[in-house]
Structure formats: C-alpha cells, structure tokens
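Residue numbers (the UniProt record's numbering): 1 to 66.
Glycine included, every Cβ here is placed at the ideal spot set by N, Cα and C.
All values reported here derive from a predicted model rather than from experimental measurement.
Everything on this sheet refers to the single structure shown next.
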Amino acid sequence: MRNYTVAPNKDATAWYVKVEDVAPTQKYDKKDKAIEAGEQLAVENKPAILTILTNEHEVADERTFS
C-alpha cells in the first residue's frame, strides 16, 4: 500500500504532496490544491493512504483508497 502525505513547508506558506514520506512531488500555494493532487495520486495508485497534516505537522485527516 502506498502512502501519500499532504504537508506544509516549514513556515506553512506552501504545501507539498509527498510520496512514501520521502521527497515532495510538487509544490502548491493552497492546501486545497495539494489535497486534490494527493487524492488523484492515491486514486490512480490504489491501494493507498492519504494523510493530511495541519500547519503544525499534526495529522488532521487520513483517507484510505482501495
């Protein structure tokens, strides 16, 4: 199962979608855009888990795609 994470940068001015919590795949200005991209990746690569973090890097939501 693949793990994708939507996470903010250090000062929460940009958002990233990370694959397997390693390297960011792309940078987004808005959290909503990053979540949409993360959902699309998870749907295309099922089974997958999408973890969405807050500005403080705490888990806000976790979605499973199977």
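Excluding sequence positions up to five before and after residue 8, its CB lies within less than 6 Å of the CB of 15 and 55, all in the same chain and listed in chain order. In the structure shown, residue 61 falls within a strand segment according to DSSP collapsed to helix, strand and coil. Where residue 27 is concerned, the enclosing beta strand (DSSP E) starts and stops at 23-28. The shortest CA-to-CA distance from residue 52 to any of 46, 10, 18 and 1 is the one to 18. Under the DSSP assignment, residue 33 falls in the alpha helix (DSSP H) whose first and last residues are 31-44.
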